[in-house]
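Here the working numbering is used: the first residue of the sequence shown is 92, the next is one more, and so on. Every residue, glycine too, gets a C-beta built ideally from N, C-alpha and C. A short worksheet on the structure shown next.
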Amino acid sequence: MDTFDWDSIRHPLFLTLKVTFFSTFFAALLGIFFAYWMSKLRFFGKAFADAVLTLPMVLPPTVLGYYLLVLFGKKGILGHFLLEQFQYSILFNLHGAVLASTIVSFPLVYRSAKAAFEDLDPEYEEIALTLGKSKWETFLTVILPLSWRGILAGSMMAYARGMGEFGATLMIAGNIPEKTQTIALAIYDSVQSGKDEFSLVLVFVASITCVLVLTVSGILLKKSHW
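Okay, structure coming up:
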């Protein structure tokens, strides 16, 4: 079998864990925010808004990557502004990888959190408001504690999805060793280069991690509906 040193695995593994941690954090914040308001608001076009928020879950990652390039590229609306005002570009760096992973994993938190919020008996919130709690206090002390299983399950699904993100990350962050090369990109490179042992180890690590996350997530989702 091919030989390799620990660094050849350590770099993409730790980079993936770092990217996935931050992307899951941001996806959870955004997912909870949009899920709560979408579960409460009633407005014309709500079904369309819900479809747009869920869209990253079904679109091909390369399509998402293209949209990100259009927005954050040097000639994109946001990309041009950031480059001109702050001499900063999100392309081909760790920030771009986090952004891509956040967008593709966001719908998993959003859908799970929205279901958890909609399953809550509205009387809990009404009682808290009657007792003098503000809407913010009610959200933090009543709604979130009662919905935590669904939110956590969605976040863990997002974590597993982030670990496997490939297409959007490749397009906006590139495949730069020790800088933006995640496990998924490293596996692709190693397969193309015929490095079978390296591929096997990375595939094993990614598979075991995702299986564990999905198992725990499934348990939490089941308990959240008890």
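Problem set entry | Continuous alpha helix (DSSP H) stretch holding M148: start and end | Careful: M148 lies outside any alpha helix (DSSP H) and carries neither H nor E.
Problem set entry | Residue environment, V110, which counts as buried when at least 16 other CB atoms sit within 10 Å | buried
Exercise. Near T145, which residues of its chain fall below 6 Å by C-beta distance, leaving aside the five closest residues on each side in sequence?
Worked result: P198
Exercise. Below 8 Å between beta carbons: does that hold for T115 and S238?
Worked result: no
Exercise. Is DSSP giving I267 helix, strand or coil here?
Worked result: coil
Exercise. Between G122 and Y201, which are expected to be in contact by the criterion C-beta below 8 Å, what is the C-beta distance as a whole number of angstroms?
Worked result: 4 Å
Exercise. Helix, strand or coil: how does DSSP classify L108 here?
Worked result: helix
For this session: Report yes if the C-beta distance between I274 and L293 is below 8 Å; otherwise report no.
Result: yes
Exercise. Leaving out five residues before and five after G156 in sequence, what residues of the same chain have Cβ atoms less than 8 Å from its Cβ?
Worked result: A191, G258, A259, T260, L261, M262 and I263
Exercise. By Cβ distance below 8 Å, which residues in the same chain neighbour Y279 in space, the five residues on each side in sequence not counted?
Worked result: F257 and N266
For this session: Pull up the CB-CB distance for S130 and K205, whole angstroms please, since I reckon it's below 8 Å.
Result: 5 Å
For this session: Can you tell me which of the three DSSP states W317 falls into?
Result: No answer about W317 holds up, because its pLDDT of 45 lies below 50 and its placement is not dependable.
For this session: Out of L182, P268, L169 and V307, state which residue places its alpha-carbon closest to the alpha-carbon of G241.
Result: V307
Exercise. So Y215 is in the alpha helix (DSSP H); what residue range does that whole segment cover?
Worked result: P213 to T221
Problem set entry | Proximal residues to S203 (C-beta, below 6 Å), its chain only, five neighbours per side dropped | G241, A244 and G245
Problem set entry | Top-ranked residue by Cα proximity to L160, from T232, L150, V296 and I181 | I181
Exercise. Would you report the Cα separation of G285 and L211, rounded to the nearest angstrom?
Worked result: 52 Å
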